[in-house]
Amino acid sequence: MGALLALTSAAIYGVVDFAGGLLSRRIHFTVVTFLGQAGGLLLALAVALLVPAESVGSADVAWGALSGVGSAVAMHFLNRGLSRGAMSVVIPVSAVTGVALSVLCGVLFLGDRPTPLSWLGIGVTVPALWLVSAGGGAPGDGSTARRLPVDGLIASAGVAVQYIGLAQADPASGVWPVAAGRLAAVLLLLPSAVRSAAEFRQPTRLGGAAVLIGGGAALALILYFWATQQQMLAVAVVLASLYPAVPTVLGLAVLGEKVTRAQATGLVGAAAAVVLLSLG
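Each residue of the sequence shown is one higher than the last, beginning at 682 in the numbering used here.
What follows is the structure, given as structure tokens:
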């Protein structure tokens with residue numbers, strides 16, 4: 682069940698990244714990020730009120746808030762990179778490096794002990810994610826790739842903090858750590874939103890789309906949180922981080938893009954990683 686929850690989280694994250702990337706090219710990325718976190722807060726509060734919590738300690742709220750700081754950093758720099766047309770750089774760097782940091786922390790500091798099959802799946806995931814995301818870079822975008830690796834690297838650190846922090850919250854706390862995280866993210870992003878206040882004069886439908894995208898991201902994070910309660914962190918993080926495969930598939934189906942040989946190889950590798958991690 683844990684593997685299914687993590688994979689569903691990855692699927693939702695993939696759709697959210699695809700939609701957020703397209704929206705960030707139409708309106709300022711600060712608007713997409715801030716309204717997205719606000720939408721995530723609304724959804725997380727609604728779910729937290731519906732899902733019973735046995736007890737919510739201050740430590741659970743603190744871990745959730747730390748996770749939210751990671752989310753805010755990750756989405757700010759991810760959307761900034763996507764708004765600059767660096768999708769083939771930001772997504773693979775943030776996904777692969779975020780996986781590596783999270784797995785290393787789980788093994789070195791949290792006592793995770795993946796099985797040999799799981800280690801093999803983790804090993805397959807890293808090159809698979811890179812091939813899926815970076816294999817479709819358009820000719821001539823190499824200069825952009827060289828200029829903007831910093832967006833992906835900073836986003837990856839945020840992804841790792843988001844995943845590791847939330848996994849430390851007690852399952853008895855329900856969904857309140859996720860809600861605390863969304864609140865922390867909104868507060869952290871508020872100053873940049875105020876500085877870009879003029880950018881928020883957008884059609885209601887575009888602002889509403891940003892809110893819905895943020896709600897989807899919060900739902901994905903809730904599913905990941907539940908997955909960590911049934912899987913070790915290293916496995917849950919890797920499965921949830923397979924989301925870059927989704928924008929690739931959506932690009933084929935929705936935008937009529939052509940799959941490259943590298944992307945096809947990466948998709949096969951990602952499928953193999955899912956099997957290995959599920960069996961492990």
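Glycine residues also receive a C-beta, built at the ideal position from the N, C-alpha and C atoms. Values in this document were obtained by computation on a predicted structure and should not be read as measured data.
Can you give the Cα-Cα distance for A838 and G695, rounded to whole angstroms? 18 Å
Run the CB neighbour count on A915, radius 10 Å, all protein chains shown included, and call it buried at 16 or more, exposed below. buried
What ranges does the alpha helix (DSSP H) occupy inside the region 839–915, keeping only unbroken runs of at least 4 residues that lie completely in it? 857–876, 885–909
Rounded straight-line distance, which links the Cα of V728 to that of A734: 11 Å
Of all the alpha helix (DSSP H) runs that stay within the bounds of the region 709–770, which reach a length of 4 or more residues? 710–731, 739–764
Mind checking M682: buried by the 16 CB within 10 Å criterion, or exposed? exposed
Counting C-beta neighbours from all protein chains within 10 Å, is the total for V840 16 or more, i.e. buried, or is it exposed? buried
Name the two residues that bound the continuous alpha helix (DSSP H) containing L685. 683–704
Given L747, which residues of its chain have a CB within under 6 Å of its CB, disregarding the five upstream and five downstream residues? G846
Can you have a look at T885 and say buried or exposed, based on whether 16 or more other CB atoms are within 10 angstroms of its CB? exposed
Taking the alpha carbon of D741 as the point to measure from, which residue in A866, A848, L686, A901 has its own alpha carbon closest? A848
Alpha carbon of V875 to alpha carbon of V930, nearest angstrom: 36 Å
Please go through the same chain and pick out, in chain order, the residues whose beta-carbon is closer than 8 Å to the beta-carbon of P820, but skip the five residues on each side of it. Because the pLDDT of P820 is 39, which lies under 50, any placement of that residue in the model is unreliable, and the question is left without a value.
For the structure I just gave you, are there three or more beta carbon pairs, one from the region 796–810 and one from the region 851–861, closer than 8 Å? no
With hydrogens ignored, establish whether the beta-carbon of L923 is closer than 6 Å to any heavy atom of the ligand SAM. With respect to the ligand SAM, the structure shown offers nothing to examine, as it has no ligands at all.
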